[in-house]
Structures are given as structure tokens and as C-alpha cells.
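Engineer: Chains as they are written, first to last, in my numbering: chain A, 193 to 451; chain B, 193 to 451; chain C, 193 to 451; chain D, 193 to 451.
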């Protein structure tokens with residue numbers, strides 16, 4: 193039986209590419225995303241075309257019991273989840289405080305922070321009982337510092353980072369590896385950055401700073417996700433940053449495409 | 193007309209003592225707390241006995257419109273809020289993940305993080321329009337690092353810290369001062385630590401490590417709150433830590449009474 | 193007998209103003225600087241004119257035994273040092289790696305980091321034996337993050353910050369307070385920033401961003417130094433930042449006048 | 193011609209194992225250490241026995257021109273250095289301030305911080321001119337927080353971390369990758385931890401907390417070094433931590449074997 197890698201948030205960026213990578217290495221991959229059944233199908237076909245084992249599911253993680261039911265269903269009907277990737281952002285661009293309604297702030301938290309807690313609550317105790325498991329969390333610059341216009345995002349991501357640390361503190365010794373991965377830059381991801389900026393601006397960004405590797409290429413982000421998930425347990429990484437060579441670190445400047 | 197200092201979370205610990213200090217310096221102080229009308233009345237009488245100007249209000253901040261209505265009411269009927277102190281914790285002691293229901297996690301966020309956002313949303317734009325104001329936020333060690341059993345608290349506090357940074361980034365240049373104050377130790381506060389530990393254990397702690405000043409004395413914490421609120425605007429502090437001389441910094445150890 | 197406050201690095205900026213403030217509050221102040229006897233004399237006269245108790249000494253702190261001899265001399269002939277302020281920078285502007293000779297890097301360390309160790313080595317054990325004392329360390333943004341061109345400064349300041357933490361960890365429980373104060377912006381200091389930028393550029397900066405309070409006003413920085421030195425020992429601050437309301441925090445951007 | 197990997201500090205722990213790993217992947221490895229010609233010879237023979245390309249050099253890095261001469265010699269006579277690993281610690285155990293003479297503090301800095309600057313000064317401009325290169329820096333918990341008794345080590349490591357950031361800020365855009373790797377725990381390294389603790393205590397530690405993987409196994413640390421050195425340049429990691437699953441993160445506690 194293949195090991196299972198569950199990816200919550202699998203579009204054409206990090207999530208999808210991590211899925212491809214784990215499938216290529218022999219995992220059965222379960223891809224979840226909220227919408228765009230066609231995009232999901234395309235991704236599934238592509239992985240299958242490469243000989244991978246994969247399935248896709250549409251899922252709105254803020255729905256009651258969505259995450260919990262998913263985990264239980266996989267565990268019961270497919271097999272033990274070995275690696276789970278939480279890859280949900282809630283970036284809504286820069287908005288002044290008065291343009292950030294309470295509902296927006298709450299939704300940001302539900303998507304970015306509460307969903308991680310729910311996922312951890314559902315899956316980590318099972319992993320701990322099996323004595324083995326990995327939770328990889330895609331995070332962002334906003335988990336390290338707030339910035340003007342980032343009230344909702346920064347608060348959600350700051351919570352996410354501390355939650356990862358508390359989960360790590362409880363579960364590491366039970367052989368469950370939790371890693372908090374800081375994406376410190378703009379990813380070449382049509383589904384998220386592309387939609388936020390609009391197609392035209394996204395393509396312009398790709399041309400201007402991007403060319404081949406100014407934007408962070410998700411297929412290579414996947415390499416590091418795979419590495420982290422396979423570190424020997426005597427040398428686990430809990431937190432690391434990733435950014436393009438052509439970019440500056442978050443502590444050196446702030447540009448509008450860096451969240 | 194006296195300047196107004198509004199304190200959200202005014203018990204016998206930091207909130208009450210900050211209230212006393214600001215009242216002594218000539219502010220009109222509005223004290224809010226969730227329950228214990230007698231305790232609130234005692235505090236009000238004590239401040240009045242010292243010649244201070246004060247009023248007390250019972251308020252459940254998680255209620256819809258509670259914070260928003262309070263701010264508007266004060267601004268309309270009492271006067272402009274010059275300083276507001278957010279002093280709400282949601283410490284529930286150490287609980288394993290499986291002992292932290294979703295409802296608990298959500299309530300922790302509502303109390304610790306969302307209430308701050310709501311307060312900021314209600315009051316900071318008013319302060320910015322007046323071109324003057326101060327928001328002091330009592331925070332905790334958990335805003336800097338997660339710890340086993342602190343899932344709810346750490347996630348809420350991590351969000352709080354990043355939120356303070358994003359608020360500061362938007363409002364500082366409008367002459368609104370936001371400060372994030374890290375209480376890195378156990379405060380000599382009967383209403384919070386006392387209730388969490390139980391009277392007996394609290395008194396034992398006071399005897400053992402406390403004596404006069406092993407626990408952090410809230411009347412002296414109030415000195416620093418007052419100082420921060422009155423720094424010249426060319427030299428504002430955004431973040432500082434406070435701990436007892438007899439304690440170790442959070443990065444040097446972890447004891448069970450440090451959250 | 194008056195309490196003694198020793199200031200290492202007392203020019204027309206932070207050091208001199210901290211000296212004035214402590215003198216005004218009744219301390220006997222010992223001002224040390226490397227050169228400019230006239231500037232030192234002016235400062236001494238000014239403090240005396242305000243009724244303060246003060247003396248000035250010229251001292252090259254990199255000289256062998258300079259710091260050690262100073263401390264012993266004051267302790268023997270003047271009285272016990274209650275507060276000592278280490279206010280030595282080694283900012284040399286932005287220089288590429290190839291423009292930073294080994295000698296420059298070493299001198300930066302001698303001035304900024306080793307001098308603090310020597311001062312601590314000389315004075316903290318004496319304070320610990322007396323069971324009372326305060327060491328205030330002026331530090332900078334570079335203690336928190338490196339930046340292009342700041343190789344020498346960042347390495348020295350990074351060492352300084354960790355040294356302050358290790359000193360605090362050993363001495364706090366002996367009632368010796370060590371505080372690391374991060375000056376996150378440009379100070380209105382003719383002797384340091386003024387000399388580095390040149391008179392003309394400094395005046396232009398004062399006009400443009402400065403007016404009254406865009407630059408950090410050292411007389412108000414002194415207020416916070418005084419406050420920190422007089423916190424009750426149950427509520428000591430070990431680290432805080434200071435910046436102008438009109439500036440952004442170091443984690444939000446980087447401008448050339450921010451070191 | 194093989195790519196060259198230069199390792200400064202190659203004993204039986206991290207340095208030696210990183211050397212083995214890079215040799216196995218086809219690099220020509222240059223191993224340097226201060227003393228123990230026999231140990232170096234053993235390591236060289238072992239790598240050669242595995243079919244690797246390797247040479248060993250004895251070198252006291254604090255000697256004038258030692259690092260600079262080494263770099264120039266390799267570049268001139270062997271070939272271009274593609275990866276350089278700085279793996280020099282200066283841990284001397286916990287010592288109170290009064291047991292840390294000025295000479296000790298200075299030597300700690302020369303070994304841990306200045307040697308890195310000298311190495312960077314010698315090799316990074318050459319790499320930048322070639323438009324390609326990697327500098328991996330072994331670092332420690334003390335780069336993130338000071339601790340009692342760690343005055344010398346923390347000051348050196350704090351400087352090291354900020355230096356890595358300033359180097360990264362200048363050289364990343366020139367396609368030179370600088371990574372700061374935080375070893376947050378005790379490594380199963382007979383040459384360093386073993387010597388510091390003494391053989392008997394080291395073996396006891398191995399038995400008690402170590403068994404197979406309580407101590408960090410350097411052969412697996414090498415996997416992550418190799419991964420970091422081969423990340424695609426659009427997704428470079430600048431900083432990461434490594435620790436054993438059975439250990440707590442530095443922000444969660446402090447034990448005497450954690451520096």
C-alpha cells in the first residue's frame with residue numbers, strides 16, 4: 193500500500209506541485225481545493241499521466257466538519273495519512289483598517305488559522321498514536337511581521353506560526369514532525385497571485401521581475417517540502433524561509449507583492 | 193475637561209492598577225470588566241477615595257456590538273478617548289490538543305485577538321482623525337513562542353502581536369501610538385492567576401517565589417504603561433518586555449506559571 | 193552622597209542628554225568621550241549651569257585598561273556606580289564587503305561589542321556584590337537584522353544583543369538590571385549622524401524629514417532611559433525599541449539613514 | 193573537472209559528514225581542521241575508500257593569512273570553489289562572567305565570527321564575479337538567544353548571524369547563496385561535544401538521551417546541508433533550524449547540553 197500525502201489547498205501553485213512531487217516519489221496523493229473542478233481534474237490527469245496515484249476532492253474547509261470528515265474518510269477508506277500539507281492562504285491584498293470589515297477579519301482567521309487547528313486536531317492525534325507523521329504548513333512573511341494593510345492576514349498568520357510551535361512542542365517527541373515554511377516572496381502561482389493581481393498585471397510582473405526565476409517557482413518549492421518531510425528524525429527542521437535570489441529578505445525591505 | 197483613559201479588562205491586576213495610575217495623573221478613567229460588579233465597585237470607590245475621576249461598566253466583550261457601542265457611547269457622551277488599554281487575556285492553563293475543543297480555540301481567539309481588532313476598528317480611525325491617541329496592549333510570552341498545551345493561547349496571542357504591528361504600520365504616522373507590552377511572567381493578580389491556580393496554590397506561589405517581588409507587581413507595571421503612553425512622539429516604543437528580576441527570560445527556560 | 197551615573201560615549205546626542213537628565217534628577221554624572229575636549233567642556237558647563245553635579249573625562253575605550261581603570265578609579269575615589277550607560281556606536285555608513293577591510297571589521301567589534309564586554313566584566317561583578325545596579329546599552333536596528341553594506345556594524349551589534357541577553361541571564365537575579373535599547377531610526381545627533389552625513393546633508397535631512405520630531409530627539413530618548421533605570425525590580429524591561437512616529441519599523445522597510 | 197567543496201572545520205561530526213556526502217555526490221572535497229593529523233588522515237582515507245575525491249589540510253584559522261591563503265591556493269591550483277562550509281564553533285562550556293577572561297572572549301570572536309568574515313571576504317567576491325557560489329554556515333542556538341555562562345559564545349554567534357544576513361543582503365542578487373543553519377541541540381560529535389564533556393560523560397549522554405537518535409546524527413545533518421546547497425535559486429533558504437524530535441526547541445527550555 194502506498195503512503196498517503198494529503199494536500200489541503202491544491203491549485204496550480206505550491207499545492208499542486210507538491211502533489212506532483214510526492215506522487216512521483218511513490219505516494220498516493222489526495223488533492224483538495226475549494227472550487228474549480230476543471231483545474232482539479234487537469235491536475236489529477238497530469239499526475240496520472242506521469243504514472244502517479246492521485247485523487248481530487250472539492251472541499252470548502254470553512255464548512256463544518258469538512259476537514260474532520262475528510263481526514264476520517266481517508267483514514268478509514270484509503271489508508272493512513274503519512275504526510276499532510278496545509279497550503280491555505282487568505283491574502284486579500286492591502287486594505288486599510290476601515291476597509292477590513294469584521295467579517296473579513298473573521299474569515300481570514302477561519303481560512304488561515306482555524307483551519308490549521310481543525311486539521312491538526314483531526315489528524316495529529318492519529319499520527320501520534322501510530323508514532324509517525326508529518327505536517328507541513330505553508331506560511332508567509334506576515335507570520336513574522338505585520339505591515340500596513342495586512343491586518344487580517346498578519347493576525348491570521350501570526351496565530352498560525354505560534355500554533356505550529358505549540359503543536360511541535362506537544363507532538364515532536366511522539367515522532368510527529370510539524371514544519372512551518374515561510375514563503376517570503378511572490379510565487380509564480382496563477383491561481384492565487386495571478387487572480388489577485390489580475391492576468392495582465394501578473395504577466396507584466398512575470399516579465400519584469402520574473403523571467404525564469406524572479407518569482408518563486410513552485411516546482412522547486414516542492415523539492416524543499418519533500419526534503420523536509422524526509423529528514424531523519426534526529427535532525428528535524430521546524431522553521432525555514434524560502435525566497436528568490438533576486439529578492440530581498442523581509443527584514444531588508446517591503447514591496448507590495450510580498451505578503 | 194479631563195482626558196479619558198478607557199481600560200478594557202479592569203480587575204485587581206494590571207487593568208485596575210493602570211486605572212488607578214491614570215486617575216492619579218488626572219485622567220477620567222473608564223473601567224470595563226465582564227463580571228464581578230462588587231469587585232468593580234470596590235475599585236471605583238478606591239479610585240474615587242483617592243480623588244480620582246472614574247466610572248465602571250460591566251461588559252461582555254464577545255457580545256455583538258459591545259465594544260463598538262462602548263466606544264461610541266464614551267466618545268459621544270463623555271468625551272474623546274485619549275488612551276485605551278486592551279487588557280484581555282484568555283489563558284486557560286496547559287491543555288493537550290485533544291483537550292482543546294474547537295469551541296475553546298475559537299473563544300480564545302474571540303477574547304484575545306478578535307476583541308483587539310474590534311476595539312482598534314472602532315477607536316483608531318477616530319483617534320487618527322483627531323490626530324492623537326494611544327492604544328496599549330497587554331500581551332504575553334505566548335505572543336513570541338508557542339509551547340506545549342498552549343495551542344489556543346499561543347495562536348490568539350501570536351495573532352495579537354502581528355495585529356499590533358500592522359496597526360502600528362498604518363497608524364503611527366497619523367500620530368496614533370500602538371504599543372505591544374509583553375508580560376513575561378506571573379503577575380500578582382488575584383482575579384486571573386489567582387483564579388486559575390486556586391487560592392491555595394496562588395498563596396503558596398506568592399510565598400515561595402513571590403515574597404515581595406518575585407511575582408510581577410501590577411502597581412509597578414502601571415508605571416511603565418503610563419510612561420509608554422507619554423513618550424514624545426519622536427521616540428515611541430512599539431514593543432517591550434517586562435519580567436521580574438528573579439525570573440528568567442522566556443528564551444532561557446519555561447516554567448508552568450509562564451504563559 | 194549622590195548616586196553615580198557613568199556614561200561611556202557622551203556627545204551632543206543620546207549620551208549627553210541622558211547625562212543631563214540623570215544630573216537633573218540628582219545623580220552625579222561622569223561623562224566620557226573619546227575626543228573633542230571643547231564639546232565635553234561645554235556639556236559639563238551646561239549641566240553645572242543647571243545646578244547639576246558632573247565631571248568629564250576624555251578616554252579612548254579601545255586602549256588597554258581604559259575602561260577597567262575608569263571603573264576602578266570612580267569606584268575608589270568618587271563612589272559606587274549605580275547606573276552605567278554604554279553608548280558607543282561604530283557606524284561607518286554602508287560599505288560593500290570589499291570596502292570593509294579586516295581592520296575595519298575588527299575595530300567595529302572592539303568599539304561596539306568588546307568594549308561592552310570589558311565594561312560589563314569590570315563593573316557588573318561589583319554591582320552584583322553590592323546587590324544593586326543598572327547597565328543601559330544603546331543599540332541599533334542592526335542588532336536585529338543584517339543589511340547590505342552593514343557587515344561590520346551588524347556583526348558587532350548582533351554580538352552586543354546576545355551579550356546583553358547572556359549578561360541579563362547571569363545578573364538579573366543578583367538585582368543587576370541590564371537593558372538593551374534599540375534605537376530604530378536616525379537620532380538628531382550632530383556629533384554622530386551629523387558627522388557621518390556631513391553638515392549640509394544633515395541639515396537637509398533635518399529640514400525634510402525632521403522638522404521638530406521626524407528625527408528622534410535625544411532629550412526625549414533620555415526620558416525612557418531614566419524610566420528603565422528606575423523600574424521596580426519585579427517589572428524590569430530587558431529590551432525595547434524606540435522610533436519616531438513618522439518612521440516605519442525596521443521590519444517594514446529600510447532607508448539609508450536607518451542603521 | 194569536479195566541483196569543489198571546501199570545508200573549514202572538518203572533524204568527526206558535521207564537517208566530516210558533510211564532506212563525505214559532497215564527495216559521494218561527485219564533488220572534490222577539501223577538508224581543513226586545526227589539529228589531529230591522524231583524524232584528518234582517517235577521514236581522507238575513508239572518503240577515498242568510498243571512491244571520493246578528497247584532500248586534507250591542517251590549518252589554524254586564527255593565523256594571519258591562513259584562510260585567505262587557503263582560498264587563493266585552491267582557486268589557483270585546484271579549481272573554483274563552488275561550495276564552502278564554515279563549521280567552526282567556539283563553545284567552551286558555561287562560564288560565569290568572572291571566569292571569562294578578555295582573552296577568552298576575544299578568541300571566541302576570532303574563531304567564530306571573525307573567521308567567517310575573513311572567509312567571506314576572501315571567497316564571496318570571487319564567487320560573485322563568477323556569478324555562482326554557496327556559503328553554508330553552521331551556527332547554534334546562541335545565535336538566537338544569550339544564556340547564563342554563554343557570554344563569549346553568544347556574542348560571537350550573535351555577530352555571526354547578523355553577518356550572514358548582511359552577506360546575504362549583498363550577495364544573493366549576484367547568485368551567491370548564504371545560509372545560516374542553526375544546530376539547536378547536541379550533535380553526536382566525538383571531536384567537539386565528546387571532548388568538551390569528556391569521554392565518559394559523552395558516552396553516558398549517548399546512552400541516556402541518545403540511543404540511536406536523541407543526539408543529532410551528523411550524517412543526517414549532511415543531507416540537509418546538501419539539499420540547501422542545491423536549492424533552485426528562485427527558492428533559497430537563508431535560515432533554518434535543526435533539532436532532534438526528542439528535544440525541545442530553544443524557545444521552550446534550556447538544558448546544559450544546548451548551546
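For each residue, glycine too, the CB sits at the ideal point set by N, CA and C. It should be emphasised that the depicted structure is a prediction, and the values quoted were computed from it without experimental measurement.
Against chain C, with Cβ distances strictly below 8 angstroms, would residue 360/A count as a contact?
Structural biologist: Taking the first chain and counting its residues from 1, the one referred to as residue 360/A is at position 168. Answer no: the Cβ-Cβ gap between residue 360/A and chain C never drops below 8 angstroms.
Engineer: Which class does residue 358/B belong to by DSSP, given the choice of helix, strand or coil?
Structural biologist: Your numbering for residue 358/B matches position 166 in the second chain. Looking at residue 358/B - three-state DSSP - the assignment turns out to be helix.
Engineer: Which residue from 425/C, 250/C, 418/C puts its Cα closest to that of residue 330/C?
Structural biologist: Position 138 of the third chain holds residue 330/C. The shortest C-alpha separation from residue 330/C is found at 418/C.
Engineer: Between which residues of its own chain and residue 303/C is the CB-CB distance below 6 angstroms, once the five residues before and five after are set aside?
Structural biologist: Translated into the one-based positions of the third chain, residue 303/C becomes position 111. 280, 282.
Engineer: What's the gap between the Cα of residue 425/A and the Cα of residue 202/C?
Structural biologist: The residue labelled residue 425/A in the question sits at position 233 within the first chain. The residue labelled residue 202/C in the question sits at position 10 within the third chain. Going from the Cα of residue 425/A to the Cα of residue 202/C covers about 53 angstroms.
Engineer: Taking any Cβ of chain C, which residues in the stretch 426–448 of chain B have a Cβ under 9 angstroms from it, in chain order?
Structural biologist: Here the close residues are 426, 427, 428, 429, 430, 431, 432, 433, 434, 435, 436, 437, 438, 439, 440, 441, 443, 444.
Engineer: Please report the distance separating the alpha-carbon of residue 334/C from that of residue 351/C.
Structural biologist: Here the question's residue 334/C lines up with position 142 in the third chain. Here the question's residue 351/C lines up with position 159 in the third chain. Answer to the nearest angstrom: the Cα atoms are 10 angstroms apart.
Engineer: Starting from the N-terminal side, write out each stretch of the beta strand (DSSP E) that is 3 residues or longer and does not extend beyond the stretch 196–236 of chain D.
Structural biologist: The qualifying runs are 196–200, 220–225.
Engineer: At least one CB of chain D closer than 8 angstroms to the CB of residue 310/C: is that the case?
Structural biologist: Sequence index remark: in the third chain, residue 310/C carries index 118 (1-based). Judged by the 8 angstroms Cβ criterion, residue 310/C is in contact with chain D.
Engineer: 8 angstroms is my cut-off, CB to CB: does residue 367/A come that close to chain C?
Structural biologist: Position 175 of the first chain, counted from the start, is the residue given in the question as residue 367/A. Not one chain C Cβ lies under 8 angstroms of residue 367/A.
Engineer: Do residue 196/B and residue 266/B come within 8 angstroms of each other at the CB atom, strictly closer than that value?
Structural biologist: Indexing the second chain from 1 puts residue 266/B at position 74. Indexing the second chain from 1 puts residue 196/B at position 4. Yes, they are a contact pair.
Engineer: Does the pairing of the stretch 286–295 of chain C with the stretch 228–248 of chain C give three or more beta-carbon distances under 8 angstroms?
Structural biologist: Contact between the stretch 286–295 of chain C and the stretch 228–248 of chain C is absent, because fewer than three Cβ pairs lie under 8 angstroms.
Engineer: Helix, strand or coil for residue 243/B, going by three-state DSSP, please let me know.
Structural biologist: As a first step, residue 243/B is located in the second chain; it is residue number 51 there, counting from the start. Of the three classes helix, strand and coil, the one that applies to residue 243/B here is coil, per DSSP.
Engineer: Buried or exposed, going by whether 16 or more other CB atoms sit within 10 Å of the CB of residue 255/B?
Structural biologist: Residue 255/B sits at position 63 when you count from the first residue of the second chain. It counts as exposed.
Engineer: Show which residues of chain A have a CB atom less than 7 angstroms away from the CB atom of residue 408/D.
Structural biologist: If you number the fourth chain from 1, residue 408/D lands on position 216. Within chain A, the residues near residue 408/D are 426, 427.
Engineer: Nearest-angstrom Cα distance between residue 245/C and residue 410/B?
Structural biologist: Indexing the third chain from 1 puts residue 245/C at position 53. Indexing the second chain from 1 puts residue 410/B at position 218. If you take the alpha carbons of residue 245/C and residue 410/B, they lie about 34 angstroms apart.
Engineer: Can you find a C-beta in chain D that's less than 8 angstroms from the C-beta of residue 450/A?
Structural biologist: Here residue 450/A corresponds to residue number 258 of the first chain, with the count starting at 1. Its pLDDT being 46, under 50, residue 450/A is placed unreliably in this model, and the value from its coordinates should be taken loosely. Closer than 8 angstroms: no.
Engineer: Answer yes or no: does any C-beta atom of chain C fall closer than 8 angstroms to that of residue 286/A?
Structural biologist: What you label residue 286/A is simply residue 94 of the first chain in a count that begins at 1. Output row for residue 286/A: interface = no.
Engineer: Alpha carbon to alpha carbon, what distance is there between residue 360/A and residue 369/A?
Structural biologist: Within the first chain, the letter at position 177 stands for residue 369/A. Within the first chain, the letter at position 168 stands for residue 360/A. Approximately 7 angstroms, taken between the alpha carbons.
Engineer: Please report the distance separating the alpha-carbon of residue 325/B from that of residue 421/B.
Structural biologist: Position 133 of the second chain, counted from the first residue, corresponds to residue 325/B. Position 229 of the second chain, counted from the first residue, corresponds to residue 421/B. Rounded to whole angstroms, residue 325/B to residue 421/B spans 9 angstroms at the Cα level.
Engineer: State the beta-bridge partners of residue 430/A as determined by DSSP.
Structural biologist: For the purposes of this step, residue 430/A is taken as residue 238 along the first chain, with counting starting at 1. For residue 430/A, which the question treats as bridged, DSSP gives no partner whatsoever.
Engineer: Do you know offhand how far residue 343/D's Cα is from residue 315/C's?
Structural biologist: Along the fourth chain, read from residue 1 onward, the residue named residue 343/D stands at position 151. Along the third chain, read from residue 1 onward, the residue named residue 315/C stands at position 123. Cα-Cα distance, rounded: 15 angstroms.
Engineer: Assuming residue 443/C and residue 301/A form a contact by the criterion Cβ under 8 angstroms, report the distance between their Cβ atoms to the nearest whole angstrom.
Structural biologist: Indexing the third chain from 1 puts residue 443/C at position 251. Indexing the first chain from 1 puts residue 301/A at position 109. Their Cβ separation, rounded to whole angstroms, is 22 angstroms, which puts residue 443/C and residue 301/A out of contact at 8 angstroms.
Engineer: So with Cβ pairs under 8 angstroms, would you call residue 414/D a contact of chain C?
Structural biologist: Taking the first residue of the fourth chain as 1, we reach residue 414/D at position 222. No, residue 414/D lies away from the interface with chain C (no Cβ there is under 8 angstroms from its Cβ).
Engineer: Is the Cβ of residue 419/D closer than 8 angstroms to any Cβ of chain A?
Structural biologist: Within the fourth chain, numbered from 1, the residue matching residue 419/D stands at position 227. At least one chain A Cβ lies under 8 angstroms of residue 419/D.
Engineer: Take every Cβ of the stretch 376–386 of chain C, pair it with every Cβ of the stretch 425–439 of chain C, and state whether three or more of those distances are shorter than 8 angstroms.
Structural biologist: Flag = yes, the stretch 376–386 of chain C and the stretch 425–439 of chain C touch.
Engineer: Using only alpha-carbon positions, find the residue among 357/C, 340/C, 339/C, 338/C that is nearest to residue 347/D.
Structural biologist: Translated into positions along the fourth chain, residue 347/D becomes position 155. Among 357/C, 340/C, 339/C, 338/C, the Cα nearest to that of residue 347/D belongs to 357/C.
Engineer: With 7 angstroms as the C-beta to C-beta threshold (strictly closer), list the residues of the stretch 307–339 of chain C near chain A in chain order.
Structural biologist: Listed by position along the chain: 337, 339.
Engineer: Give every residue of the same chain whose Cβ lies closer than 6 angstroms to the Cβ of residue 275/A, excluding the five residues on either side of it in the sequence, and list them in chain order.
Structural biologist: Position 83 of the first chain, counting from 1, holds the residue named residue 275/A. For residue 275/A, where only same-chain residues beyond five positions count, the Cβ hits under 6 angstroms are 197, 326, 421.
Engineer: On the DSSP letters alone, give me the boundaries of the beta strand (DSSP E) that residue 372/D sits inside.
Structural biologist: Looking up residue 372/D in the fourth chain gives position 180. Counting along the chain, the beta strand (DSSP E) containing residue 372/D begins and ends at 368–375.
Engineer: Say whether chain C places a C-beta atom closer than 8 angstroms to the C-beta of residue 294/D.
Structural biologist: One-based indexing of the fourth chain puts residue 294/D at position 102. Cβ-Cβ to chain C under 8 angstroms: yes for residue 294/D.
Engineer: With a threshold of 16 other CB atoms inside 10 Å of the CB of residue 227/D, please say whether the residue is buried or exposed.
Structural biologist: If you number the fourth chain from 1, residue 227/D lands on position 35. With fewer than 16 Cβ atoms within 10 Å of its Cβ, residue 227/D is classed as exposed.
Engineer: Have a look at 345/A, 285/A, 273/A and flag the residue whose alpha-carbon is nearest the alpha-carbon of residue 320/A.
Structural biologist: Locating residue 320/A in the first chain gives position 128, counting from the first residue. Here the closest residue by C-alpha is 273/A.
Engineer: With DSSP collapsed to three states, give me the class of residue 304/C.
Structural biologist: Within the third chain, residue 304/C is the residue found at index 112, counting from 1. In this structure, residue 304/C counts as helix in the three-state DSSP scheme.
Engineer: Give me the chain A residues within the contact set of residue 405/D, using Cβ-Cβ distance strictly less than 9 angstroms, ordered along the chain.
Structural biologist: Position 213 of the fourth chain, counted from the start, is the residue given in the question as residue 405/D. Per Cβ cutoff of 9 angstroms: 424, 425, 426, 427.
Engineer: What does DSSP give as the partner residues of residue 327/A in its beta bridges?
Structural biologist: The count along the first chain starts at 1 and reaches residue 327/A at position 135. Partner(s): 276/A, 370/A.
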